[in-house]
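*Asks:* In terms of this note's numbering, the sequence shown is residues 814 to 939.
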Amino acid sequence: MNTSPQKRVLIIDDDEGLTEPLQLAIEAEGYEVLTAHDGNEGLMKIERDAPDLVLLDLVMPRRSGFAVLDSIINNKQRAPKIVMVTGNSEPKYRELALDRGVDRFIPKPYHIEDLVQTVNELLNAE
814 MNTSPQKRVL IIDDDEGLTE PLQLAIEAEG YEVLTAHDGN EGLMKIERDA
864 PDLVLLDLVM PRRSGFAVLD SIINNKQRAP KIVMVTGNSE PKYRELALDR
914 GVDRFIPKPY HIEDLVQTVN ELLNAE
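(1) Kindly give me the distance between the Cβ atoms of V881 and I839, rounded to whole angstroms, as I take these residues to be in contact under 8 Å.
(2) Pull up the distance between the alpha-carbon of E934 and that of L909, whole angstroms please.
(3) Taking the alpha carbon of M897 as the point to measure from, which residue in E842, N937, L928 has its own alpha carbon closest?
(4) Only counting the same chain, and skipping five residues up and downstream in sequence, which positions put a Cβ closer than 8 Å to that of D862?
(5) D883 bridges to which residues according to DSSP?
(6) Measure the alpha-carbon distance for P874 versus N937 and round it to whole angstroms.
(7) Who pairs with T832 in a beta bridge, going by DSSP?
(8) Taking N901 and V867 to be in contact with their CB atoms under 8 Å, please state how far apart those CB atoms are, rounded to whole angstroms.
(9) Roughly how far, in whole angstroms, is the beta-carbon of D912 from the beta-carbon of R876, given that I think they are within contact range, below 8 Å?
(10) Leaving aside the five residues before and after P893 along the sequence, list all residues of the same chain whose C-beta is less than 8 Å from its C-beta, in chain order.
(11) With C-beta atoms as the reference, is T931 less than 8 Å away from R917?
(12) Assign R913 to one of three DSSP states: helix, strand, or coil.
(13) Helix, strand or coil for R861 per DSSP?
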């Protein structure tokens, strides 16, 4: 029996059509899933809820994925794993994200099963 506390995943993406099925798929793996629909809300939830992993969209209203990423990285207290998920697949964005410290960079469109597998790999690697 697994007695470790439930791992928490935060999805920060302004596209609710993507977040809802992804949330259901990740919850089916036994994780607690929180969502935020812009960068400011995402940062508030990171501070308040201390997720173990963040799925972060790059292009969002109110604060870009890179601005959120920089805030997470600059707050060294307890950094979650970070997967940047974006429809912008230009190589320079992948390089910028990886240089800034994301754990994975996944272009949209993606298969939900592949993204869930990435979540499992990152959260179970500890």
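All C-beta atoms in this analysis are idealised placements derived from N, C-alpha and C, irrespective of residue type, glycine included.
*Replies:* With the structure as the only source:
(1) Translated into positions along the sequence shown, residue 881 becomes position 68. Translated into positions along the sequence shown, residue 839 becomes position 26. With 8 Å as the limit, V881 and I839 do not qualify as a contact, their Cβ atoms being about 19 Å apart.
(2) Position 121 of the sequence shown, counting from 1, holds the residue named residue 934. Position 96 of the sequence shown, counting from 1, holds the residue named residue 909. Computed Cα separation, rounded: 23 Å.
(3) Along the sequence shown, one-based indexing puts residue 897 at 84. Among E842, N937, L928, the Cα nearest to that of M897 is on L928.
(4) Counted from its first residue, the sequence shown places residue 862 at position 49. Only R821, L823, L847 meet the Cβ criterion.
(5) Mapped onto the sequence shown, residue 883 falls at position 70. D883 is not bridged to any residue.
(6) For the purposes of this step, residue 874 is taken as the residue at position 61 of the sequence shown. For the purposes of this step, residue 937 is taken as the residue at position 124 of the sequence shown. Straight-line Cα distance between these residues: approximately 32 Å.
(7) Indexing the sequence shown from 1 puts residue 832 at position 19. None, per the DSSP bridge assignment.
(8) Sequence index remark: in the sequence shown, residue 901 carries index 88 (1-based). Sequence index remark: in the sequence shown, residue 867 carries index 54 (1-based). Actually they do not touch by this definition, with Cβ atoms about 18 Å apart.
(9) Sequence index remark: in the sequence shown, residue 912 carries index 99 (1-based). Sequence index remark: in the sequence shown, residue 876 carries index 63 (1-based). Contact flag wrong, Cβ pair sits at about 20 Å.
(10) On the sequence shown, position 80 is the one that residue 893 refers to. Around P893: L823, I859, A863, P864, D865, L866, V867, I885.
(11) Residue 931 sits at position 118 when you count from the first residue of the sequence shown. Residue 917 sits at position 104 when you count from the first residue of the sequence shown. Yes, Cβ-Cβ distance for T931 and R917 is below 8 Å.
(12) Start at 1 with the first residue of the sequence shown, and residue 913 comes out as number 100. Residue state, collapsed to three classes: helix.
(13) In the sequence shown, residue 861 corresponds to position 48, counting from 1. Looking at R861 - three-state DSSP - the assignment turns out to be helix.
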